Structure formats: structure tokens, C-alpha cells
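Q: Take a look at the following structure, please.
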């Protein structure tokens with residue numbers, strides 16, 4: 060029997076003068092419907108911070124379901140309405156496939172690494188390149 064890894068979330072704020080302000084939200088484990096309320100609430104609270112641009116580090120997330128993908132799409136919309144940006148970074152192949160399946164890659168910029176996403180934060184514009192990461196995720 061496969062053991063389900065609980066969703067764990069950590070947050071790191073980057074202040075102005077160090078490339079910020081923005082927030083890196085690192086998620087690990089598995090994001091599913093059972094974690095959706097907490098995940099959504101955390102993202103909503105973080106999006107409400109003044110000047111915050113949010114990068115979600117997906118490098119330690121082993122899987123996500125439709126609910127988690129929909130929460131990310133919802134979050135992108137909330138942040139856009141508030142004049143903020145949501146970027147995704149370093150998804151594993153299974154997570155990248157779900158993002159692609161849900162169409163998230165057409166709405167939210169996805170970067171291969173957190174470093175690439177942090178470099179893109181100041182220059183990112185809503186009409187910018189929204190192409191999905193280039194590595195093969197089949």
C-alpha cells in the first residue's frame with residue numbers, strides 16, 4: 060500500500076533591495092482535495108500582502124490532482140485582480156503533466172528553476188511569454 064505524503068508548505072519573504080519584494084512558497088508532498096482548503100487559504104492570505112509577487116516552488120511536490128491545479132488557476136486570477144503576479148517554478152514531470160492537462164501553463168508562467176522565476180519577477184508583464192517549460196514532460 061502506498062503511503063500518501065502530506066502537503067507541507069513553507070514561506071520565505073524576499074524584501075526590497077534583495078530582488079524583492081516577493082514571496083517564495085515551497086510545497087512538498089502531494090497536493091490533493093484533502094489539502095485544498097488549507098492550501099487555498101494560505102495562498103489567499105499571502106496574495107493579500109502589499110507588493111507581494113508569489114513564486115510557488117513545486118520542486119518537492121510529487122503529485123497534484125485537479126483540485127490543486129484549479130486552486131493555482133484561481134490564485135492566478137486573484138493575484139492578477141490585485142495587480143500582482145503568480146509564477147510557478149520547477150515542477151516535477153507528474154506535476155507538469157497535470158498543469159498542462161488543466162491548462163494552467165497557458166495562464167501562469169512556469170519556469171524550470173526557482174532562480175529563473177526570481178530573475179523574471181521584476182521584468183514579468185501580463186502579456187509576456189506564457190509558454191510551458193521546454194523540457195519533455197511526457
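Residue numbers (my numbering): 60 to 197.
The beta-carbon is built from N, C-alpha and C at its ideal position, and this holds for glycine as well.
None of these values were measured; they are calculated from a predicted model.
Identify the residues that DSSP records as bridge partners of residue 88: which are they?
A: Stepping through the chain shown from its first residue, residue 88 is reached at position 29. Answer is 120.
Q: Going by beta carbon distance, what residues of the same chain come within less than 6 Å of residue 66, once the five residues before and after it are set aside?
A: Numbered from its first residue, the chain shown carries residue 66 at position 7. These residues qualify, in order along the chain: 88, 90 and 94.
Q: Should residue 70 go down as buried or exposed, given a rule of 16 or more other Cβ atoms within 10 Å for buried?
A: To locate residue 70, count along the chain shown from 1; it is residue 11. Residue 70 comes out exposed.
Q: Nearest CA to the CA of residue 73: which residue from 112, 103, 96 and 104?
A: Looking up residue 73 in the chain shown gives position 14. When each option's Cα is compared against that of residue 73, the closest is 112.
Q: Where residue 84 and residue 68 are concerned, what is the direct C-alpha to C-alpha distance, given to the nearest angstrom?
A: On the chain shown, position 25 is the one that residue 84 refers to. On the chain shown, position 9 is the one that residue 68 refers to. Their Cα atoms are separated by approximately 7 Å.
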